[in-house]
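Residue numbers (the numbering used here), protein chains in the order written: chain A, 153 to 675; chain B, 575 to 901.
Virtual Cβ for every residue (Gly too), placed ideally from N, Cα, C.
Computed from a predicted model, the values in this text were never measured in an experiment.
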């Protein structure tokens with residue numbers, strides 16, 4: 153009896169202990185807003201995901217999982233219509249019931265003009281509530297991948313938004329800030345306690361969370377702090393002031409591993425790093441006599457052969473990268489081992505190829521590179537400058553901040569540039585749509601290469617509407633074969649994601665670097 | 575006197591206008607805010623719409639005029655990065671910077687004068703030599719390195735002081751202060767030392783040189799000959815005559831402490847206006863950059879004006895010249 157009592161007390165104690173765990177979490181940047189549809193940006197979405205939920209979620213394993221929807225399927229009689237069955241018994245943080253009208257409201261809000269999320273769901277034509285727990289989404293033409301577009305479209309309460317006059321997404325020039333940018337009423341596992349932008353955000357576990365028994369939810373309280381300076385961020389982890397950090401500098405990994413109280417959790421990241429080449433007749437920064445060498449496929453292939461991906465991995469990335477042969481992360485639909493094959497680094501053969509193409513004496517080109525966007529971005533570019541010099545191509549490096557670099561790509565004003573690409577839909581269509589399609593108003597918006605392939609353009613539109621998934625996959629394979637053969641992009645590697653934390657933190661790392669704390673446990 | 579003030583104020587306004595003009599002509603080189611404000615799925619139409627909305631396609635002089643027009647009405651626009659009124663963000667962030675600057679300034683002044691006197695009086699002593707040598711480090715090491723070193727020693731190795739942030743703050747009618755909590759005071763120590771060290775060594779060296787100069791003067795010799803105590807000579811006669819240039823320098827340095835808090839704030843994640851400015855540059859948050867630069871230039875102009883007026887009050891020769899000119 154006494155023993156049982158003791159055991160019971162111990163159990164209660166350990167339970168209350170577990171109940172009162174605080175996770176102090178830091179990364180380099182803060183969320184820009186709490187308005188779920190105002191900013192389509194990594195850290196912003198990551199913070200909001202703790203407090204608000206989408207219909208369909210991407211879990212740490214990368215699979216689609218029902219969040220506010222339990223079931224979804226294409227209507228049997230109309231391929232343009234998707235039916236979503238909603239989860240019943242879900243409460244918002246203020247106690248209001250979650251119903252179909254909230255979904256309709258939130259999706260319409262996400263589609264509105266000032267929304268930053270509308271690009272993700274541009275295929276949606278209309279959303280209607282069929283009953284309290286059924287929603288019908290009609291797309292502009294069949295869209296077999298609609299659920300994959302939804303994980304970042306978060307749902308908020310309609311009545312709350314109306315009561316607080318925050319129905320519309322903020323317009324940057326609109327004058328006042330909106331209520332939703334600093335307040336949250338979602339259905340997520342954590343609710344907002346306090347927030348001071350760029351300083352600290354505190355959250356606490358939501359008692360009425362529908363998934364309380366489904367997910368580990370190891371931490372009762374969360375304190376989120378941005379710490380911009382990498383050395384300070386590391387110091388805060390070493391001194392025990394924070395429990396868990398993202399954006400770990402690669403040079404500090406070894407020190408963390410040596411510390412018995414800390415550990416690292418890694419995963420390949422959903423971000424491939426590559427170079428784009430100007431394939432038009434003229435170069436932006438001065439065309440050599442004889443035209444743009446890179447308009448010739450053989451020259452592009454030679455440049456691809458000159459890149460030593462292993463050296464970049466070992467020397468620049470300290471082993472923290474996965475060399476890539478195609479500009480697509482490995483878990484994206486369409487990826488294959490064969491497609492990922494890369495040419496062996498062969499300077500002699502590359503040189504021979506260049507002279508065969510008539511550029512045996514080499515040529516000069518400017519490489520535009522960001523210096524504050526990707527892991528060791530400028531250092532990778534410097535390495536590539538050296539590799540190109542080996543085959544006689546003189547590269548002038550122009551490394552600058554991202555705010556100056558990216559306009560060059562979107563303005564098609566670069567001859568040779570670095571770009572990193574993540575694929576939120578986990579499907580090849582996203583890559584073809586933005587990077588390979590001929591540059592235009594709606595398609596090819598990030599294609600800075602002047603590359604234009606009519607067949608590829610047609611097929612990009614065709615796979616978007618192909619409902620027969622087997623046929624669609626075959627088309628994707630065909631497209632990749634074409635795209636890869638044209639070598640307009642020189643793939644470098646996939647970044648490796650590293651999270652560092654105390655050994656007691658049971659973190660569930662996901663490829664999108666999008667922390668979802670409800671999957672975290674205390675070990 | 576009045577004419578002098580009016581002339582000086584008019585000059586200050588001109589300086590402000592020119593500063594703003596130069597700042598706006600530079601913004602187009604910082605990059606394109608639109609790329610940061612829209613996600614990667616944006617279309618060209620979104621880009622064009624936003625650029626038009628923000629007036630980014632207009633010449634910078636027009637943008638500057640619009641800024642001035644709104645600024646005189648007290649409206650600095652919305653931050654591109656946070657979507658909140660810039661004036662509100664600045665008001666929220668300013669206390670952190672001012673408190674840090676005040677503590678650093680005080681530290682620099684007290685430490686600088688104290689060590690300066692000591693090294694001047696005991697200029698051949700071992701301790702004075704050690705202080706002089708150490709002060710070289712303060713002058714030559716960059717701020718961020720000093721900050722990281724302090725963090726490494728006092729946060730990581732010893733675990734005495736926090737490595738980042740401001741600790742708990744108390745809000746007193748819109749002014750958030752870290753002076754009233756233990757964690758707030760602890761959090762101040764390392765950033766204040768980092769920020770104040772350079773100024774401290776500067777003041778120390780200035781005091782020392784001035785003091786050595788003064789100690790060579792005839793009236794000090796005569797005081798000694800009269801048999802006054804060393805203490806009275808050093809502190810009542812020598813120090814007083816040393817302080818005039820020190821006060822001038824200190825006034826001017828206060829401005830730079832606030833302006834140069836940027837690096838210290840970045841190292842310690844100190845939530846002040848300097849960190850805000852750094853973030854604004856990275857994001858090309860033009861309204862915040864513009865307001866910050868204007869604020870800093872107003873501050874410098876104001877400090878200069880006050881210093882000028884103080885000269886007027888302190889130095890009788892200026893007044894006589896002024897009157898002579900009036901006749």
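For residue 356 (chain A) against residue 343 (chain A), the beta-carbon gap comes to about 6 Å, under 8 Å, which counts as contact. Short of 6 Å from the beta carbon of residue 448 (chain A), and not among the five residues preceding or following it, lie these beta carbons of its own chain, in chain order: 509.
With the rule of 3 Cβ pairs closer than 8 Å, the segment 866-882 of chain B does not count as touching the segment 409-428 of chain A. By the neighbour-count definition (other C-beta atoms within 10 Å, threshold 16), residue 301 (chain A) is a buried residue. Per the coordinates, the alpha-carbon of residue 365 (chain A) lies some 50 Å from the alpha-carbon of residue 563 (chain A). Shortest Cα-Cα distance from residue 697 (chain B) to any of B:591, B:786, B:708 and B:609 involves B:786. Assignment of beta-bridge partners to residue 652 (chain A) by DSSP yields A:397 and A:416. Just so you know, the alpha carbons of residue 505 (chain A) and residue 637 (chain A) end up roughly 16 Å apart. Under the DSSP definition of a beta bridge, residue 641 (chain A) partners with A:428. Taking a Cβ-Cβ threshold of 7 Å, none of the residues of chain B is close to residue 177 (chain A); the smallest such distance is about 13 Å. In the three-state reduction of the DSSP assignment, residue 745 (chain B) falls in the strand class, which pools E and B. Counting along the chain, the unbroken beta strand (DSSP E) around residue 236 (chain A) starts and ends at 233-238. The segment 744-830 of chain B contains, as complete alpha helix (DSSP H) runs of 4+ residues, the segments 756-789 and 792-800 (chain order). Non-local C-beta neighbours of residue 760 (chain B) in its own chain, meaning closer than 7 Å and more than five positions away in sequence, comprise 735, 736 and 741, ordered along the chain. Here residue 210 (chain A) carries a strand assignment [DSSP, helix/strand/coil].
Look at residue 624 (chain A) here: in three-state DSSP terms it is helix. Scanning its chain for C-beta atoms nearer than 8 Å, with the 5 sequence neighbours on each side dropped, one finds around residue 579 (chain B) the residues 883, in chain order.
Nearest Cα to residue 745 (chain B) within the set B:666, B:711, B:721 and B:815: B:666. The alpha-carbon separation between residue 639 (chain B) and residue 349 (chain A) amounts to approximately 30 Å.
Taking the C-beta atoms as reference points, residue 535 (chain A) is found no nearer than 8 Å to residue 451 (chain A). Looking only at B:886, B:618 and B:817, the smallest Cα-Cα distance to residue 686 (chain B) is reached by B:817.
In the structure shown, residue 853 (chain B) adopts helical secondary structure according to DSSP, grouped into three states. Residues of the segment 373-384 of chain A that bring their beta carbon within less than 8 Å of a beta carbon in chain B comprise 377, 378, 379, 380, 381, 383 and 384, in sequence order.
Here the C-alpha atom of residue 867 (chain B) lies approximately 12 Å from the C-alpha atom of residue 601 (chain B). By the Cβ-count criterion, residue 225 (chain A) is exposed, with fewer than 16 other Cβ atoms from all chains shown falling within 10 Å of its own Cβ. Of the candidates A:567, A:491, A:484 and A:650, A:484 places its Cα closest to the Cα of residue 216 (chain A). For residue 343 (chain A), the uninterrupted beta strand (DSSP E) run begins and ends at 342-348, by DSSP. The three-state reading of DSSP puts residue 487 (chain A) in coil, since its state is none of H, G, I, E or B. The alpha-carbon separation between residue 523 (chain A) and residue 272 (chain A) amounts to approximately 27 Å.
Between the alpha carbons of residue 323 (chain A) and residue 887 (chain B) lies a distance of about 52 Å.
Close CB contacts of residue 652 (chain A) within its chain, under the 7 Å cut and outside five residues either way in sequence, are with 389, 397, 400, 408, 414 and 416 (chain order). Taking the Cα of residue 721 (chain B) as reference, the smallest distance to any Cα among A:381, A:583 and A:253 is reached at A:381. Of all residues in the segment 585-616 of chain B, those with a C-beta nearer than 9 Å to a C-beta of chain A are 603, 604, 605, 606, 607, 608, 609, 610, 611, 612, 613, 614, 615 and 616, reading in chain order. Judged by DSSP secondary structure, residue 639 (chain B) falls within the alpha helix (DSSP H) whose first and last residues are 634-646.
Classified as buried, residue 303 (chain A) has 16 or more neighbouring CB atoms from the shown chains inside 10 Å of its CB.
Using a Cβ distance threshold of 8 Å, residue 205 (chain A) and residue 219 (chain A) count as a contacting pair.
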